[in-house]
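Encoded as structure tokens, the structure appears first; notes follow it.
Residue numbers (the working numbering): 2 to 202.
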């Protein structure tokens with residue numbers, strides 16, 4: 002066997018072994034990654050629907066999942082909605098909670114984002130953005146307050162404060178939430194949010 006043939010054999014063997022090792026590592030880490038993702042979702046549900054002791058997935062489709070939140074006695078506290086959409090830089094993944102009648106938003110949290118550091122990335126900041134979502138009236142579409150005000154008390158019932166210098170990121174989050182609320186009401190009217198159904202579209 003000449004040198005060039007030996008080199009090809011060795012390189013092929015190295016490639017096969019490396020590929021096999023990568024596959025094994027992927028299999029070992031995929032389960033842990035999924036478990037971490039589910040834990041993150043569970044934590045977010047308890048955050049956006051206060052008092053949640055247990056939750057159940059009621060409905061799922063692309064970029065939109067609805068969970069029922071229940072207290073210790075099994076009474077339904079409301080809905081937690083996991084949704085995503087395109088931000089200024091990349092995909093924004095968020096979760097918000099509502100009451101059972103879908104009239105009030107409890108709070109909002111951002112799970113993933115790659116917006117501009119120091120500007121759009123402030124959508125994850127409690128003081129700069131998230132606190133303005135608490136207790137908002139969602140019987141009508143939410144709107145952004147421009148220019149920004151200094152406190153939640155200065156906002157109207159359906160207004161959310163924009164982030165100064167990051168109007169686009171603020172508006173993108175608003176768009177995801179309003180579209181998700183519209184979809185939530187639609188599937189509720191269609192009877193797809195009954196506990197125990199676990200509907201997957």
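Note that beta-carbon positions come from the ideal geometry of N, C-alpha and C, so glycine has one too.
query, result
"Quick one: grab the DSSP three-state call for residue 202.", "Reliability fails at residue 202, whose pLDDT of 45 lies under 50, so the model's placement of it is uncertain and the value that follows must be treated cautiously. The answer is coil: DSSP assigns residue 202 none of H, G, I, E or B."
"From the DSSP output, in three-state form, read off residue 33 for me.", "helix"
"Who pairs with residue 1 in a beta bridge, going by DSSP?", "Lying outside 2 to 202, the shown extent of the chain, residue 1 is not represented and no answer is given."
"Considering only the beta carbon of each residue, do residue 129 and residue 135 sit closer than 8 angstroms?", "no"
"Return the first residue and the last residue of the beta strand (DSSP E) that residue 110 is part of.", "105-113"
"Go ahead and pull the three-state DSSP assignment for residue 163.", "coil"
"If distances are taken between C-alpha atoms only, which option among 68, 47, 63 and 49 comes closest to residue 57?", "68"
"Using 8 angstroms for Cβ pairs, my map puts residue 159 next to residue 143. What's the rounded Cβ distance?", "5 angstroms"
"Say whether the segment 83-99 touches the segment 13-20, bearing in mind that this needs 3 or more beta-carbon pairs closer than 8 angstroms, one atom from each stretch.", "no"
"Ordered along the chain, which non-local residues of its own chain (more than five positions away) have a Cβ less than 8 angstroms from that of residue 71?", "53, 54, 55, 56, 57, 77 and 78"
"Near residue 132, what residues of its chain come up, given a Cβ to Cβ distance below 7 angstroms and the 5 sequence neighbours on each side ignored?", "153"
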